[in-house]
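Going by this note's numbering, the sequence shown wraps up at 344, each residue one higher than the last. In what follows, a single structure is set out as structure tokens and then discussed.
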Amino acid sequence: MGWNPGQKAAMRQVMLKTDPGAYFYGRLDDHPSLFSHGVNNDTNTRDSSDDEDDNTEVQVKEEKVLALEDDRSIVSMISAIRFGEDQAWLSYYITEENYRGRGYGLATFNRALEHVGHLRKSVGLNAVFAQVENYRKSGFTKSSWTNERRRGSARDVVEVQERELANRIEKNQVEGLVLLSDPRVDWEQLPAMEKRYAGFNRPEFVKDWVRYHANHPEHHRVGVAFLSPDKTDPVTGKPLVLGYACARPAVVSYRIGPLYATDGEVARNLLVKLSAEVVAAETKNPLGVPLVFDIDIVQQNEAAMALFDKVGWPNVISSLRMWKGEVPPYDASGVFGISTAEAG
Ligand SMILES: CC(C)(COP(=O)(O)OP(=O)(O)OC[C@H]1O[C@@H](n2cnc3c(N)ncnc32)[C@H](O)[C@@H]1OP(=O)(O)O)[C@@H](O)C(=O)NCCC(=O)NCCS
Numbered sequence: 001m002g003w004n005p006g007q008k009a010a011m012r013q014v015m016l017k018t019d020p021g022a023y024f025y026g027r028l029d030d031h032p033s034l035f036s037h038g039v040n041n042d043t044n045t046r047d048s049s050d051d052e053d054d055n056t057e058v059q060v061k062e063e064k065v066l067a068l069e070d071d072r073s074i075v076s077m078i079s080a081i082r083f084g085e086d087q088a089w090l091s092y093y094i095t096e097e098n099y100r101g102r103g104y105g106l107a108t109f110n111r112a113l114e115h116v117g118h119l120r121k122s123v124g125l126n127a128v129f130a131q132v133e134n135y136r137k138s139g140f141t142k143s144s145w146t147n148e149r150r151r152g153s154a155r156d157v158v159e160v161q162e163r164e165l166a167n168r169i170e171k172n173q174v175e176g177l178v179l180l181s182d183p184r185v186d187w188e189q190l191p192a193m194e195k196r197y198a199g200f201n202r203p204e205f206v207k208d209w210v211r212y213h214a215n216h217p218e219h220h221r222v223g224v225a226f227l228s229p230d231k232t233d234p235v236t237g238k239p240l241v242l243g244y245a246c247a248r249p250a251v252v253s254y255r256i257g258p259l260y261a262t263d264g265e266v267a268r269n270l271l272v273k274l275s276a277e278v279v280a281a282e283t284k285n286p287l288g289v290p291l292v293f294d295i296d297i298v299q300q301n302e303a304a305m306a307l308f309d310k311v312g313w314p315n316v317i318s319s320l321r322m323w324k325g326e327v328p329p330y331d332a333s334g335v336f337g338i339s340t341a342e343a344g
């Protein structure tokens, strides 16, 4: 399974700020009994299992990361990102193909669970269906929804399926549809939106994720929001955010996430605006990333399924959102695209 989360060096800064010691790898020396574990921020990469550095300031040393990427003795890996005291998310679970079936993967998985700790309320992951039974055995006994990864052409959205709406957006004729960097957008409302719809309580991560997208148009990262024309947030007094969405270039496609919206029409506007912005950026200054969008939508959200069926984007892979501990309360009717498969 190949991962295509984003452009790695920049994404790393956001992820490692959230939890500096969240990436584990299993290393195999010449003799199999010398299998040991490392964590991405080890000062001594041979050292294994203490977390005392976990809360130190992150300084991502590119040379160190590149050295790990080239290290042929690494045979397994996983990430386990902790959000506050209560929640965590597991991803990137993989064993090198030639070394599968020898216990390395499970040992690395259990190392990640140690990092997460036994007291955490909710630990989640998105499971490919082949691994669902294994995760159940490891305590992930509950599930919330099925994701479908929908894939389609951003250019076709703008030039074919949603041409009329794209034209209106280009002429700024859709009131309330703005970039996330617009000063009218109240970022304070965004963490609460993610909590309400997806169940995550991670305000700092949400703001970092939004900042990562909204502040870097030169890298073709885009963030958009839909503001209510007449309602305001009772706390901040700023226009009520009805939805927001982000897109980022990865390697073989652009990834969209999240796409949260109060209803299908708001979601449609956000999707078309994201498409228009990315197509314009690519036309002006080609990055060479295919104008293909990948988005993980929730099967239980009928309006989301209808939106992506209408633009004709097929499902390329399904996964089950599973939880160890409690399933955090959520409302999938607002999830038109999850935040990121790799961090939930
Ligand atoms: C999933 C994967 C990482 C397992 O790695 P592995 O090194 O082959 O697994 P192990 O050799 O440690 O497995 C040992 C045993 O534990 C089981 N196991 C593996 N991971 C487990 C887990 N997380 N929880 C419980 N059991 C697990 C295995 O099925 C196997 O059981 P068996 O002895 O009854 O056959 C590996 O198959 C892989 O890389 N797959 C492709 C990537 C992928 O699909 N990742 C998961 C994305 S959700």
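For every residue, glycine included, the Cβ atom is placed at its ideal position computed from N, Cα and C.
Any heavy atom of ligand 1 inside 7 Å of the beta-carbon of residue i?
i: Ser79; result: no
i: Gln173; result: no
i: Phe24; result: no
i: Ala10; result: no
i: Phe35; result: no
i: Thr146; result: no
i: Tyr212; result: no
i: Ala304; result: no
i: Ala127; result: yes
i: Ser138; result: yes
From the DSSP output, in three-state form, read off residue i for me.
i: Asp54; result: Per-residue confidence for Asp54 stands at a pLDDT of 33, beneath the threshold of 50, marking its modelled position as unreliable; the derived number appears in the next sentence. Of the three classes helix, strand and coil, the one that applies to Asp54 here is coil, per DSSP.
i: Pro239; result: strand
i: Trp209; result: helix
i: Gln59; result: Because the pLDDT at Gln59 is just 43, under 50, the model does not fix this residue reliably, and the value given afterwards should be weighed accordingly. Reduced to three states, the DSSP call for Gln59 is coil.
i: Ala341; result: coil
i: Phe35; result: coil
i: Asn201; result: coil
i: Pro262; result: Checking the sequence shown, residue 262 turns out to be Thr, not Pro. Coil, per DSSP.
i: Asp29; result: coil
i: Val75; result: strand
i: Ala22; result: coil
i: Asp230; result: strand
Let me confirm a value: residue i is counted as buried when at least 16 other C-beta atoms fall within 10 Å, else exposed. Which label applies?
i: Phe129; result: exposed
i: Arg321; result: buried
i: Gly344; result: buried
i: Glu69; result: exposed
i: Ala112; result: buried
i: Gln87; result: buried
i: Glu218; result: exposed
i: Thr56; result: Residue placement at Thr56 is flagged as unreliable, the pLDDT there being 31, under the threshold of 50; the coordinate-derived value follows with that caveat. Burial call: exposed.
i: Arg221; result: buried
I believe residue i touches residue j by the beta-carbon criterion, under 8 Å. Please report the beta-carbon distance rounded to the nearest angstrom.
i: Gln189; j: Val241; result: 5 Å
i: Ala341; j: Asn126; result: 5 Å
i: Ser275; j: Asn301; result: Ser275 to Asn301, Cβ: 20 Å. No contact.
i: Ala198; j: Asp263; result: Not really, about 17 Å apart at Cβ, beyond 8 Å.
i: Val14; j: Asp294; result: With 8 Å as the limit, Val14 and Asp294 do not qualify as a contact, their Cβ atoms being about 18 Å apart.
With a threshold of 7 Å, establish whether the CB of residue i neighbours any heavy atom of ligand 2.
i: Arg100; result: Because ligand 2 does not appear in the structure shown, any question about it cannot be addressed here, the ligands present being ligand 1.
Alpha helix (DSSP H) segments (min. 4 residues) lying fully within the segment 279-306: none
Alpha helix (DSSP H) runs wholly inside the segment 141-195, at least 4 long, in chain order: Runs of the alpha helix (DSSP H) spanning 4 or more residues and lying entirely within the segment 141-195 occur at 163-170, in chain order.
Any beta strand (DSSP E) of 3 or more consecutive residues that is wholly inside the segment 84-145: Along the length of the segment 84-145, whole beta strand (DSSP E) runs at least 3 residues long occupy 87-95 and 122-127, reported in chain order.
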